[in-house]
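**Q** Pasting a structure below so you can have a look.
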Amino acid sequence: MTSLIDRRMGIFLAGLFILTVAVPVGNLGLEDRLVPSYVVSLLGKYLCYALLAVALDLVWGYCGILSLGHGAFFALGGYAMGMHLMREIGDRGVYANPDLPDFMVFLNYDALPWYWLGFDMFWFACIMVLLAPGILAFVFGWFAFRSRVTGVYLSIITQAMTYALMLAFFRNEMGFGGNNGLTDFKDVLGFDLQSDATRAGLFVLSALALAAGLLIAKAITNSKLGKVLIAVRDAESRTRFIGYRVEHYKLFVFTVSAMMAGVAGALYTPQVGIINPGEFSPANSIEIVIWVALGGRGTLVGAALGAILVAAAQTLLTGWFPELWIFALGALFIFVTIFMPQGVLGVIEGTFRRRPPTRDLTAAREARP
Amino acid sequence: MSIQLALDGVTRSFDGFKAINNLSLTVEKGELRAVIGPNGAGKTTMMDIITGKTRPDSGEVLWNQTVDLTRIDEAGSARLGIGRKFQKPTVFETQTVEDNIALALKDDRSVWATLFHRRSTEDTARITDLLELVKLTDHRTDMAGDLSHGQKQWLEIGMLLAQDPELLLVDEPAAGMTDAETMRTAELLRGIAGKHTVVVVEHDMDFVRALNCRVTVLHQGHVLAEGSLDHVSANDEVIEVYLGR
Amino acid sequence: QSGDPIKVGILHSLSGTMAISETTLKDAMLMLIEEQNKKGGLLGRPLEAVVVDPASDWPLFAEKARELIEGEGVDAVFGCWTSVSRKSVLPVFEELNSILFYPVQYEGEESQRNVFYTGAAPNQQAIPAVDYLMEQEGVERWVLAGTDYVYPRTTNKILEAYLQSKGVAPEDIMINYTPFGHSDWQTIVSDIKTFGSAGKKTAVVSTINGDANVPFYKELGNQGIAATDIPVVAFSVGEEELAGLDTAPLVGHLAAWNYFMSVDTPENDAFINTWLDFIGDDNRVTNDPMEAHYIGFNMWVEAVEKAGTTDADAVIDSIVGVTVPNLTGGMSEMLPNHHITKPVLVGEIQDDGQFSVVWETEGLVPGDAWSDFLPESAPLMADWTDPINCGNYNTETESCGGVTN
Amino acid sequence: MTCLGTLAAAQSPQTAPATDAEGPTAAAPGFEGLVRALPDGNFDEVEALVSAIAETGDERATGVLEALASGDLHRLKSNEAVVIVREIGGDDHAFDALSGESYGEIPRRGSSAIRVNNSLRRVVAAAVGTLTLRHPDPARRLEAAQAAFRAPDAAQTDALSAALDAETDPDVRTALAEAVAVATLTAGTAPVPTQLDAIATIAARGDGVALSVLTPLTGSDAPEIASAASEAVDRIERVRQMWSAAQNVWFGLSLGSVLLLAAIGLAITFGVMGVINMAHGELVMLGAYTTFFVQEIIRNAAPALFDWSLLIAAPLAFLVAGAMGVAIERGCVRFLYGRPLETLLATWGVSLILQQTVRSIFGPNNREVGNPSWMSGAFEIGQMTITYNRLWILVFALAVFAILLFVMKRTPVGLQMRAVTQNRAMAANMGIRTGWVDAMTFGLGAGIAGLAGVALSQIDNVSPNLGQSYIVDSFMVVVFGGAGNIWGTLAGAFSIGIANKFLEPWSGAVLAKILVLVFIILFIQKRPRGLFAVRGRAVDG
Amino acid sequence: MLRVDQVDVHYGAAQALRGVSLEAEIGKVTTVLGRNGVGKTTLLRAIVGRNPVSGGRIEWEGRDLARIRSDGRARGGIASVPQGREIFPLLTVRENLETGFAVLPRAQRSVPDEVFELFPVLRDMLGRRGGDLSGGQQQQLAIGRAMVMRPRLLVLDEPTEGIQPSIIQDIGRAITYLRDKGEMAIVLVEQYYDFARDLCDSFHVMDRGQIVKSGTRAEMVDDEVRGLLTV
Ligand SMILES: Nc1ncnc2c1ncn2[C@@H]1O[C@H](COP(=O)(O)OP(=O)(O)OP(=O)(O)O)[C@@H](O)[C@H]1O
Ligand SMILES: Nc1ncnc2c1ncn2[C@@H]1O[C@H](COP(=O)(O)OP(=O)(O)OP(=O)(O)O)[C@@H](O)[C@H]1O
Ligand SMILES: NC(N)=O
Ligand SMILES: [Mg+2]
Ligand SMILES: [Mg+2]
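Chains as they are written, first to last, in this note's numbering: chain A, 34 to 402; chain B, 1379 to 1623; chain C, 53 to 457; chain D, 859 to 1399; chain E, 4 to 234.
Structural data, given as structure tokens:
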């Protein structure tokens, strides 16, 4: 059994650690800020994306479940946190209603809907951050895996799931603020969300969450269960014949992964200041897949790297070449797939060691509709 | 001796074609049984039915005279103690030969158990023994996908043995093996019979002869003849549809 | 002109679903800035546009806003289209104390110190249009059709309250929402037809959003709903949207805006000519949000000149009361509630893709941040001048909304 | 509103009008005076003028009024003449409304149109109607009768009755009879039996218009009339219910045909080849832009060919999108066989680039693609409205489907396509040129996407976002139907379409969409490989 | 005539063939024998163009095959029955057979009668999907499919695997028949020693990627060869 922190993981975590120390220090510690405040939140956002990518890589890279709906879990986590932040606004909203968020006052709600109850308590929101995506994943997975929905069929129904949720959350009747979502947050646990210290704090928390996510994912994939997952990925039916209840294994990782995505969403919301149904859009979920593919599927660290790379490229290019950046991004995707079949990480490591080509055979098998 | 497996009046058709037709068959505990029959006679389908991969249209399949196997899925049958080697070798291609065996080792198959599983020294020893037995020691750390066809056959046999099942369903184990290896396989199976129940499908008559056991001939989804190899080979119909002149 | 350039941020989506509407506004801003530089810049310094692409991604709007203000150091930002993008950037402008000019008609119920709303509030578009239909067309039965998001919902809520206050029975109001980008309108158009065949003059008030309009009007045309039978008045359909349509079957359907390209004034002629020159394509059109940017930009310029600095606080103080010509022949004023005065025009679609104005308000209508037709917001008002200095001042409790502690 | 007069004054401040500014009632001018007064009146005044013009019975009246209604009646800025503007060869030419004399080409903004609004248009239509009730052309008479029906005017009852007596054409007779009936009922002064007859006449129409006439009568003071009317209303409502179910089926089929078109190319690239082609939507978009391009050329070069534009565009769109498909396949997809999931990444990149390229070339806005005349308008079967564009799209979708099915199942190329995608290496060993076949397969799927674009341009936006709005639905249809089965795509598209259209009236469009998605998710539990699943050993190995 | 000359094949870093040479003549059956994993399949795959060779030369009818891809080789008259059958699972039996038409001129596009004579079961199952057939039926289909191509070089990788005894005899007769027609060269990889011995004109025994013994049928000494096949 390989150790939890192999070379690749070690280097990445070390880099993450340096960043975690350097960024807040650069932002807060020095008189003339080396790191502008907005960069702190920006980096924090990247780390949330990275955690989300790790979550997807766990199910896709190791278990062959190509979820095109992981954005939904992320968004649910984000909404759970957003609901708490809305409740924390209290009577500081525009209509000064102590209980109801502004959009509810405006839509003539008399009282909070039952599903908003409890979100005034931080601990409750934290539990919901895990439970909301977790339960959705569990129920969805329970049915889908038991019915042996696999391959593209599974991918497309996960897409249908997030798409349906998007449409539902767009509806004002749902009680989640419709298209505008939840926004205008003031503070969390009494810390002003617009203060630099809170930002730095959230950034550090995101880094810790990413590190924890990576280690948990690594622990899972390193265990015998990880091998079973790979077996499921490569030859699901064969795995059944030696007595593994494939659906239980899938359900386990799918749920764990969804919860991880939920945590990513929960950290994302206060850092970007808004959560809205756009996060449920199928295109968002596809983008997550793209981060993972670009970084290197089935490598965890690569997935995190891919997310950070794409997000950073988007930030930089939209500013540098607002009219051309899409071309650059598109070209990047094409280039990486054709010339870096193992993803960015594969190229970085390829300089040191070669990997067997059989990986491709299995990808072929599992994607055949 | 008690009955390990009993098929009674099993029928299964595909688009109107009866692949298994009112098939009845019993296998005793510890017995070694060879099943032969023409291509398309339904041998593999029969195994599919026993292992829960295919549901019969009608008929009953009883395990130890109590459990109805038609209601149990693949994993369930494996957990009852039914192990299977496939006609077309299927192994976990992106995992090492060693891990393939390790995955098959008899153990608690629950999610939590595998998550917190640590490989014991006995496990390692058993893997080593099995690899030795199937002559894949040299390939221990190779990816299973890189093995040759015959090596995959052996690996599957290794995985089957690792499961330590009560009943072994072995579909064409000798295909693609040299004559010497074929004989060795026969010996191996004979060795484990008794403690385990073994059902073997083969077309190689030398192999079947070497098994020296009761033979069932399937034809068009039902039993055409049953008895010793000499007995069934003397059957005209068996010669006609299967052995050739 | 000399000295460091004054940077102006342009925050409009150039890719993604909103590019269809927002790209033009980016170009309009570039044109306005270029024109201003030709006139010698501002405070003797040149203006420099900083364009970014928030890519129709709402959180990205906030991120880009931050980047513009903190990273690029712009002095004012012109941008956003959808309400959610505006909501997304609001906290950023508040925190970093910068200035945003928002050029699109919206649902109201908001007034923020750092934001200037140069598009129409509901009282500057929806209500006058309904008045027109009631009085000129004798409409008694109403279909309120919209895309399912906050602007249509709010507008329809206000209209529903307003219509009922005018004695329209609830069963004479049909409300219908569709998803973004809805493209199969067969059922709804046929429902409208049925609803309209009850013997009372019926009209459709459409708050259907951008992309969904083309298939909607195509279906209207093909199912033969003529404007003379059931007129449709739209609040989000302008020249730009019509450019994608064969308007012949749609002649007579209406839109309410504060500006139409067809308005015959010297200012508008000059604006159109400059625009066509700038963009180098004689077939391009102008539209209402462009005019809003025109007004907003000129107000900002004047306020900066008045204040003698681009400093946000100074400009926020000096801009209230600034009056600049709009393109329809009047003078628009920035009000203390950060909305502006605008004329309301009702236009009928022509077969050349333009609107012909059939009605307009007598004077300019001041934008109302808080609707008088919604019970919760009726007592609220916004006034960013002393002594009130509040975006949601409750005239009953005489306190400033959120800040009770 | 009180501001109308002010507005009119404000809008025409240029010069004093040629005739009396106080309006037409001040003097009693003849036809010419009335026409000259048109530009200066406010809407109410112009309505009065229109009626007066009609009453003169002048033979030029119809032409002038029709020009007024269509917005072609202008006043020249140069000499203030009232003119009719006609477009000749792309330029505006003015002709005097009274003399017919030509003023030649006029510059942009050289004239101002006399403004009309909807209520004025209705008045004009009614006025023109009375003028044309005796027109020699039965089609014009029919129009006139229908116009009279739509704008019932008790004062016209006699004129209509007279026209009815003289009428010989049966269709026009029916229309006239209905017009008389509705005028009678509007007046409400006729004896009860006459009114009951009128109710019967209207009820015989049995449609929504009849309802709209009869419903108000159910509250009539006269009990016989009220009961006759409500009886008729009930009867009509019952019949309408059946028709509305039929209408829903039609809407469903029509939505299904759009889904089918959008998805069917994907049934090849994704269903058969297993390439997750995220650029599929953009290929559809290319087809739509090809249509736009063709129409643009036709508009400028040969407007007479406009009705042929789609027939010209279809093969071109197939070629353009197909060529792009071949380029995508040769340029990137072919390096990715064996790892098809990564095609998602590459084709996503392609889709971004295509979208932005189109945005750069054609601009981000919607482009106008017109319906040819044979695709405009609607006809009625009973009480179902069937629009021509939807009908042709359905026919087109089925035709494309049939051709595709034939190619895939009945031609050697189709066989090779399937063989290659099932086992590329073995296919090569069988002597099949896999590279060529791959390119052709992908090109075929792409070309069909282009054809879909031609059809979609008729009902939807032609903008760079066009493709994005169909991609999710397309994948859904292919998978729901059962990937790899072209029949499945057909069945999937139509069942989703019909389900959607039956839910929509009941739940609203948003909820209907959500319910359909939930239904798909649940359905897949029941049939994990879609509606037309390929089953058996062949798939689960 | 096929000439394999000093061919090396690598899988990544591992070498699977080392300087393998053999010849196969028209009208002759050349067999290759060897234990599991010695490189037999690798050799055949190199001949049909599935594995790139890293050294040496393969020549068919005087032409170097190095630059010719699989489909070109097939059109040059090379047909193969691969190990593992490689039936197109979703094509029907008929369609599987018809994939062989790709190399034929239009006039010759028919399934030769001998295919159905040899494997009557295929005629009964023309409409069934290839993937649904039993293992042995698939093997028969794979051989039939190669025969449709009317090849001049037929490469068979363990063609008797999974086939019932009576049909093995038929296959043997068929191979003899095809050889005796004198139109094709046949390369046969077999583990079934008696079968190989009865058919072959010449034999090669492989071990660890090399040919360790070759000769004509007459030179084939049972015990010696069998010895090489056991460990
Ligand atoms: N899913 C299916 N659809 C159609 N026919 C099937 C299916 N599965 C099996 N068959 C048919 O059922 C028959 C029995 O197949 P089976 O694989 O059980 O034969 P077998 O006895 O194992 O033959 P072999 O010795 O060749 O392996 C065959 O004729 C096969 O074509
Ligand atoms: N794709 C591959 N990648 C790496 N090594 C491979 C690959 N395929 C085969 N090998 C190795 O090459 C060697 C030769 O394999 P090959 O398949 O040619 O054997 P074979 O003689 O045909 O055996 P069998 O009788 O079992 O079919 C084996 O040791 C095998 O492990
Ligand atoms: N504010 C709008 N139109 O979204
Ligand atoms: Mg079998
Ligand atoms: Mg081999």
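In this text, a Cβ means the ideal position worked out from N, Cα and C, and glycines have one as well.
Work out the CA separation of C/Pro-431 and C/Ser-65 for me, nearest whole Å.
**A** Each residue's Cα considered, the two are about 36 angstroms apart.
**Q** Check whether the Cβ of C/Arg-336 lies closer than 8 angstroms to any Cβ atom in chain A.
**A** Not one chain A Cβ lies under 8 angstroms of C/Arg-336.
**Q** Just how far apart, CA to CA, sit D/Ile-1057 and D/Ala-1024?
**A** When rounded, the distance between both Cα atoms is 23 angstroms.
**Q** Taking 5 angstroms as the limit, name every residue whose beta carbon sits nearer than that to some heavy atom of ligand 1, in sequence order.
**A** Taken from the N-terminal end onward, the list reads B/Phe-1392, B/Ala-1397, B/Asn-1417, B/Gly-1418, B/Ala-1419, B/Gly-1420, B/Lys-1421, B/Thr-1422, B/Thr-1423, D/Gly-1394, D/Arg-1395, E/Asp-135, E/Leu-136, E/Ser-137, E/Gly-138 and E/Gly-139.
**Q** I need the straight-line Cα distance from D/Gly-1301 to D/Gly-1183, nearest angstrom please.
**A** The straight-line gap from Cα to Cα measures roughly 5 angstroms.
**Q** Taking Cβ-Cβ distances shorter than 8 angstroms, what residues in chain D pair up with A/Tyr-196?
**A** Near A/Tyr-196 (Cβ distances below 8 angstroms), the residues of chain D are Val-1330 and Leu-1375.
**Q** Along the stretch 160 to 177 of chain E, what residues have a CB closer than 9 angstroms to any CB found in chain B?
**A** Cβ contacts with chain B: Asp-160, Glu-161, Thr-163, Glu-164, Gly-165, Ile-166, Gln-167, Pro-168, Ser-169, Ile-170, Ile-171, Gln-172 and Asp-173.
**Q** Run down chain A in chain order and give the residues with a C-beta less than 8 angstroms from the C-beta of C/Gly-39.
**A** Nothing about residue 39 of chain C can be reported from this structure: the residues present for chain C run from 53 to 457 only.
**Q** Is any heavy atom of ligand 4 found at a distance shorter than 7 angstroms from the C-beta of B/Gln-1465?
**A** Result yes, Cβ under 7 angstroms from ligand 4.
**Q** Can you tell me whether D/Ile-1379 is buried or exposed, with buried defined as 16 or more other CB within 10 angstroms of its CB?
**A** Under this definition D/Ile-1379 is a buried residue.
**Q** What do you reckon, are the CB atoms on D/Gly-1305 and D/Phe-1150 nearer than 8 angstroms?
**A** No.
**Q** Given 7 angstroms as the limit, tell me if E/Ser-83 has its C-beta closer than that to any heavy atom belonging to ligand 5.
**A** The answer is no for E/Ser-83.
**Q** When you compare each of D/Pro-1028, D/Glu-1001, D/Gly-987 and D/Arg-992 to D/Asp-1011 by their alpha carbons, which one comes out closest?
**A** Of the listed residues, the one whose Cα sits closest to D/Asp-1011 is D/Gly-987.
**Q** Shorter than 8 angstroms from the beta carbon of D/Lys-1371 to some beta carbon of chain C?
**A** With 8 angstroms as the cut-off, D/Lys-1371 counts as an interface residue toward chain C.
**Q** Tell me which same chain residues have a C-beta within less than 6 angstroms of the C-beta of D/Thr-883, skipping the five on either side of it?
**A** With a pLDDT of 43 at D/Thr-883, under the threshold of 50, the predicted position of this residue should be treated as unreliable, and no value is reported.
**Q** Check the Cβ of D/Phe-1333 against every Cβ in chain C and list those closer than 9 angstroms, keeping chain order.
**A** Within chain C, no residue comes near D/Phe-1333; the closest Cβ sits about 16 angstroms away, beyond 9 angstroms.
**Q** If you measure from the CB of B/Leu-1525, is any heavy atom of ligand 2 nearer than 7 angstroms?
**A** Yes.
**Q** Whether or not the stretch 353 to 370 of chain A and the stretch 1361 to 1371 of chain D are in contact is what I'm after, with contact meaning three or more pairs of Cβ atoms, one per stretch, closer than 8 angstroms; do they touch?
**A** Flag = no, the stretch 1361 to 1371 of chain D and the stretch 353 to 370 of chain A do not touch.
**Q** For ligand 2, I want to know if B/Asn-1400 counts as a neighbour, meaning its beta carbon is within less than 7 angstroms of at least one of the ligand's heavy atoms.
**A** No, since every heavy atom of ligand 2 falls outside the 7 angstroms radius drawn around the Cβ of B/Asn-1400.
**Q** Express the C-alpha separation of B/Asn-1478 and B/Met-1537 in angstroms, rounding to a whole number.
**A** The alpha-carbon atoms of B/Met-1537 and B/Asn-1478 are separated by roughly 7 angstroms.
**Q** Residues of chain D with CB under 8 angstroms from E/Ser-83, in chain order?
**A** Here the neighbours are Asn-1287.
**Q** Of all the CB atoms in chain B, is at least one closer than 8 angstroms to the CB of A/Ile-168?
**A** Answer no: the Cβ-Cβ gap between A/Ile-168 and chain B never drops below 8 angstroms.
**Q** Give a single yes or no on whether B/Thr-1556 has its beta carbon closer than 7 angstroms to a heavy atom of ligand 5.
**A** No, since every heavy atom of ligand 5 falls outside the 7 angstroms radius drawn around the Cβ of B/Thr-1556.
**Q** Strictly under 8 angstroms for the Cβ-Cβ distance: is D/Thr-1245 near chain C by that measure?
**A** Output row for D/Thr-1245: interface = yes.
**Q** Around the C-beta of E/Gly-43, are 16 or more other C-beta atoms found within 10 angstroms, so that it is buried, or is it exposed?
**A** Reading the sequence as shown, one finds Lys at residue 43 of chain E and not Gly. So E/Lys-43 counts as buried.
**Q** Could you pull out every residue in the same chain whose Cβ sits closer than 8 angstroms to the Cβ of C/Val-102, ignoring the five residues on either side in sequence?
**A** So the qualifying residues of the chain are Lys-59, Val-60, Gly-61, Ile-62, Leu-120, Glu-124 and Val-126.
**Q** Going by the C-beta, is D/Val-1142 closer than 7 angstroms to any heavy atom of ligand 2?
**A** No; taking the cut-off as 7 angstroms, the Cβ of D/Val-1142 has no heavy atom of ligand 2 nearer than that.
**Q** Report the CB separation of C/Ser-67 from C/Trp-133 in whole angstroms; it is logged as a contact under 8 angstroms.
**A** In fact, because the Cβ distance is near 13 angstroms, the residues do not count as touching under 8 angstroms.
**Q** Relative to the alpha-carbon of E/Ile-71, which residue among D/Arg-1157, D/Ile-1354 and D/Gly-1289 has its alpha-carbon at the smallest distance?
**A** If we check each option's Cα against that of E/Ile-71, D/Gly-1289 comes out closest.
**Q** Fully enclosed by the stretch 219 to 279 of chain A, which alpha helix (DSSP H) runs are 4 residues long or longer?
**A** Correct list: 229 to 255, 257 to 267 and 269 to 274.
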